[in-house]
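What follows is one structure encoded as structure tokens, with my remarks underneath.
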Amino acid sequence: MAYEQSKSTSTASASADPALPPNAKKPAPVRPARVKRRMKAAQALMEVLVREGTTHFFGHPGGATLPMYDALYDFPQIKHYLVRHEQIGVHAASGYARVTGRPGVCTGTSGPGATNLVTGLTDAIMDSTPIVTITGQVASNWIGKDGFQEADITGMTIPVTKHNWLVQNEHNVASTVHEAFKLAMHGRQGPVLVDIPRDVFQREVEFDAEDLVSKHSYRAPSKPTVQALAAAAEAISNAKRPILYVGGGAISSNASKELFEFATKLGAPVAMTLMGKGAFPETHELAVGMLGMHGTACANYTMHNSDLIIALGARFDDRVTLKLDTFAPYAKVVHVEVDPAEVNKNRTADFPLHGDLNVVLQELTPLVRRPDTEAWWKQVSEWRQKHPLVYHQGDGAILPQFAIDTLYKMTKHRNPVVTTDVGQHQMWTAQFFKFDQPRKFITSGGLGTMGYGMPAAMGAQCGAPNDLVMCISGDGSFMQCVQTLMTASENNLPIKVFVMNNNHLGMVRQWQELFYQERYKSVHMPNQDLAKIAEAFGCVGMQARTPDEMERVFEKALAIENKPCVVDVFCDQEENCYPMWPSGTAIDAMIIDDPRYAKKLRMKN
Amino acid sequence: MKHTIIALVENEPGVLNRISSLFRRRGFNIESLTVCRTESPDYSRMTLVVDTSDTDAEQVQKQLAKIINVVDVQDVTHEPIVVRDAVLVKIKADAAARADVMTIAEIFNAKVVDVSPEELIIEAVGYESRVDAFLEMLKPKGIIEITRTGRIAMPRCGTPVRAMNNA
Chain B
-19 MAYEQSKSTS TASASADPAL PPNAKKPAPV RPARVKRRMK AAQALMEVLV REGTTHFFGH
41 PGGATLPMYD ALYDFPQIKH YLVRHEQIGV HAASGYARVT GRPGVCTGTS GPGATNLVTG
101 LTDAIMDSTP IVTITGQVAS NWIGKDGFQE ADITGMTIPV TKHNWLVQNE HNVASTVHEA
161 FKLAMHGRQG PVLVDIPRDV FQREVEFDAE DLVSKHSYRA PSKPTVQALA AAAEAISNAK
221 RPILYVGGGA ISSNASKELF EFATKLGAPV AMTLMGKGAF PETHELAVGM LGMHGTACAN
281 YTMHNSDLII ALGARFDDRV TLKLDTFAPY AKVVHVEVDP AEVNKNRTAD FPLHGDLNVV
341 LQELTPLVRR PDTEAWWKQV SEWRQKHPLV YHQGDGAILP QFAIDTLYKM TKHRNPVVTT
401 DVGQHQMWTA QFFKFDQPRK FITSGGLGTM GYGMPAAMGA QCGAPNDLVM CISGDGSFMQ
461 CVQTLMTASE NNLPIKVFVM NNNHLGMVRQ WQELFYQERY KSVHMPNQDL AKIAEAFGCV
521 GMQARTPDEM ERVFEKALAI ENKPCVVDVF CDQEENCYPM WPSGTAIDAM IIDDPRYAKK
581 LRMKN
Chain F
18 MKHTIIALVE NEPGVLNRIS SLFRRRGFNI ESLTVCRTES PDYSRMTLVV DTSDTDAEQV
78 QKQLAKIINV VDVQDVTHEP IVVRDAVLVK IKADAAARAD VMTIAEIFNA KVVDVSPEEL
138 IIEAVGYESR VDAFLEMLKP KGIIEITRTG RIAMPRCGTP VRAMNNA
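As given, the protein sequences belong to chains B and F, one line each in that order.
Per my numbering, residue -19 is the first one in the first sequence, and the count goes up by one each step.
Per my numbering, residue 18 is the first one in the second sequence, and the count goes up by one each step.
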């Protein structure tokens, strides 16, 4: 039913009349007439996507989503990226979301299209990445009958989404998608999924954007009480050995400015997790490096010996704590967290502060006094000096650390976005690539999804078209979503992929060497010509074979502007990633320097 | 220890699945779970009993609260509550044994709800330990089958009702 035409048009024309006295009361602004338009539910869905600001849509069509793609035909403002596997679409949406801070949007058809999304959704829930996923479903009358390409995707994704919906009433399509966007961004961000049967897409609805209401109200997260803030502030002000433990929540919450003020007022050491990198400038003198299994010795010692951990948007994950009952034994904990379920989950918080990090920090900073940390800094600086991150590049094969360090030095003035895959190269990138801004380092932290890097780079390039976007990958991960290159090249997305190719699944190889008596099994991958693969996909393929030529090759790659480029970096096959703090051990088990080099050095002396 | 948790949830298909999926995924063991309609057709009410540490019970509560169909969660273990468990028990009771069984039932305020020449069905309602004691007494007589509701709980009169206000 159409709304009545607004009756105030005459008043509106009067307001434009220059003859009106200047002090005449301004007439109320005229609202455009509200008209409910008849359209298919699929079209209403597109209208909502546009309203929610969707400009990039990553997906792969299929039978159940045909009506949606038909509607998409009339919405050129939504650019669709045809991925060659749905996993790539959901990772690309993740890269887009993490670089822009807005939800990424992706789609797959029913059945296999939908199940291919599951890895990416799991990745997103672990890393709190806001993603809206639309899946097609078989026609309503076939649901539950094991029809062709039917999969119970809402049932399957319950544990890996914040929420999901199977929309069986066409009149709920628009409002559900609207709510999906709200929920993805609300509180602790994360993925959501809307499953829509084929026939529901096709049914007619009356659409009015003004009518979009979400069923649940999403109120802003509560704030900590005055008493809780005061108690935490007192503990912070009196700490002798404080440390800021900064996680990905600081980036999700856009709290970098507030964090900088808080940290510099305290003058306390700042340690970041893999997910928190860049929330606070890593080149700042307060930054002590990354925490955890492959973090800096300095950051881990500082954490271990601290008397107050100020955890900001972090969740005491096993890759940071390694062994909970020996982790940071002298410390009390201030835990600022938007998700109440994270408080007391792994480590009991003495001062829990529930709320959005940037809001909490705004209230907390004025309440704290700068603690006396002179003696503490003396100790921390000693650790920092004693245990720098080192590598020993010789005349032989390129060391991955050398390649990454060189890339960092060559590109830092361009403030690049860097994505990674998962494994040794990821840890080396985390160690050697420093970020002074948030939303520049994009990696799969919680799930450790090999194959994440290139799709995420593609999504990031869509979200930041003017930025230099690089993916640092390994030869194992590169292959897992290699067909990303096709979508990137046909869309002229100039992502730069640097593959630390050591012909091995390097991290697995490292563990087999260290913990399985060098019984190497299924980790060797010889004879991959990655440059040729890249060329076949319409990208530029290059090789960097020796330390001497490496920088020249990198320079050429970085200058390419209209095409994706893959650089196959011929790396040392046996280099291991240190420091390494083995899982499930106490801090004294941390291996700081490569024992092989230590031995060589001893022999030299 | 046993924690009693009351949850008010939206009356929608799949909500029970979301909740049981959460318990499975997080490794919480459900001792008993009852779901029922409420005074409002839009909501169902659950009473959960979880045998776990206080820390885990806190996790249960917080994780439940994250499910968007869960409107309200309360751990009422340490609150003043009324707790009941109902049982139907079918028992062998021929003419010779019947009087004896019925005396036991009387002591426990239980009611005979069905009868045949050889069997009786008795219903009993009460605190779980009382129901347990009742069943223990009946055991030697030859229990054929039992069905129990599991714990249902309600805060005592005079305690503020928070659930519906948050809906």
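Even for Gly, the Cβ is constructed at its ideal location relative to N, Cα and C.
Everything numeric in this text was worked out from a predicted model, so none of it was measured.
request  = Report the residue ranges of all beta strand (DSSP E) runs contained in full by the segment 306 to 355 of chain B; include only those spanning at least 3 residues, in chain order.
outcome  = 312 to 317 and 331 to 334
ask   = Going by other Cβ atoms of all chains shown within 10 Å of its Cβ, with 16 needed for buried, is lysine 512/B buried or exposed?
value = exposed
request  = Compute the beta-carbon to beta-carbon distance between glycine 439/B and glycine 75/B, rounded to the nearest angstrom, for a pair I have assumed lies under 8 Å.
outcome  = 3 Å
message = Can you give me the C-alpha to C-alpha distance between phenylalanine 46/F and methionine 19/B, rounded to a whole angstrom?
response = One point to set straight first is that residue 46/F is asparagine, not phenylalanine, in the sequence displayed. Rounded to whole angstroms, asparagine 46/F to methionine 19/B spans 48 Å at the Cα level.
ask   = What residues are listed by DSSP as bridge partners for glycine 454/B?
value = Met480/B
task = Can you give me the Cβ contacts of aspartate 107/B inside the same chain, cut-off strictly under 6 Å, excluding the 5 residues immediately before and after it?
result = Gly425 and Gly426
query = Quick one: what does DSSP say lysine 79/F is sitting in, helix, strand or coil?
reply = helix
request  = Can you grab the Cα-Cα spacing for the pair cysteine 551/B / threonine 34/B, in whole Å?
outcome  = 40 Å
task = Pair every Cβ in the segment 171 to 178 of chain B with every Cβ in the segment 139 to 153 of chain B, then say whether three or more of these pairs are closer than 8 Å.
result = yes
message = Quick check: is the beta carbon of proline 172/F nearer than 7 Å to any beta carbon in chain B?
response = no
query = Is the shortest distance between the beta-carbon of serine 38/F and the beta-carbons of chain B less than 7 Å?
reply = yes
inquiry  = Output needed in chain order: residues of the segment 181 to 213 of chain B with a Cβ under 7 Å from some Cβ in chain F.
reply    = His196
request  = Determine the chain F residues that contact lysine 303/B at a beta-carbon separation under 9 Å, and present them in chain order.
outcome  = Residues of chain F passing the Cβ test: none, with the nearest at roughly 18 Å.
ask   = Going straight from the alpha carbon of glutamine -15/B to that of glutamate 190/B, what length do you get?
value = Its pLDDT being 39, under 50, glutamine -15/B is placed unreliably by the model, and the measurement read from it follows with that caveat. Taking the straight line from one Cα to the other gives about 15 Å.
inquiry  = So for isoleucine 23/F, helix, strand or coil by DSSP?
reply    = strand
inquiry  = Distance check for asparagine 556/B and tyrosine 496/B, CA to CA, integer angstroms please.
reply    = 15 Å
task = Could you tell me the boundaries of the alpha helix (DSSP H) in which tyrosine 49/B lies?
result = 46 to 52
query = lysine 79/F CB to nearest chain B CB: under 7 Å?
reply = yes
task = Write down every uninterrupted run of the beta strand (DSSP E) in the segment 142 to 223 of chain B whose length is 3 residues or greater and which is fully enclosed by it, in chain order.
result = 143 to 146, 171 to 177 and 184 to 187
key: For methionine 154/F, the first and last residue of its enclosing alpha helix (DSSP H)   = 145 to 159
key: Sequence-distant residues of its chain with Cβ nearer than 7 Å to glutamate 48/F (five each side left out)   = Lys19, Val66, Val67 and Asp68
request  = For the segment 294 to 323 of chain B, enumerate the residues whose C-beta is nearer than 7 Å to any C-beta of chain F, in chain order.
outcome  = Pro320 and Ala321
inquiry  = Quick check: what's the CA-CA separation for serine 37/F versus serine 155/B?
reply    = 27 Å
ask   = Does any C-beta atom of chain F lie closer than 7 Å to the C-beta of histidine 143/B?
value = yes
ask   = Just checking my contact of valine 106/F with isoleucine 160/F at CB under 8 Å: how many whole Å lie between their CB atoms?
value = 6 Å
task = Could you name the residues of chain F that glycine 335/B contacts, counting a contact when the two beta carbons are closer than 8 Å?
result = Within 8 Å Cβ-Cβ: nothing; glycine 335/B doesn't reach chain F, min ~15 Å.
query = Per DSSP, what kind of secondary structure is lysine 579/B in: helix, strand or coil?
reply = helix
ask   = Going straight from the alpha carbon of glycine 43/B to that of valine 112/B, what length do you get?
value = 20 Å
inquiry  = Does any residue of chain B have a CB that is nearer than 7 Å to the CB of glutamate 56/F?
reply    = no
query = How is the beta strand (DSSP E) around proline 172/F delimited, first residue to last?
reply = 169 to 172
For valine 187/F, the nearest candidate out of Glu136/F, Phe125/F and Pro134/F (CA to CA) = In the structure displayed, chain F extends from 18 to 184; residue 187/F sits before or after that span and is not available.
key: Residue range of the alpha helix (DSSP H) that includes methionine 252/B   = No alpha helix (DSSP H) holds methionine 252/B; the beta strand (DSSP E) holding it covers 250 to 252.
inquiry  = For serine 61/F, report the span of its beta strand (DSSP E) as first-last.
reply    = 60 to 68
inquiry  = If we define contact as Cβ-Cβ less than 7 Å, is arginine 35/F a contact residue for chain B?
reply    = yes
request  = Locate the beta strand (DSSP E) running through methionine 255/B, then write down its first and last residues.
outcome  = Per DSSP, methionine 255/B belongs to no beta strand (DSSP E) and is neither H nor E.
key: Endpoints, the alpha helix (DSSP H) within which glycine 100/B is located   = 98 to 106
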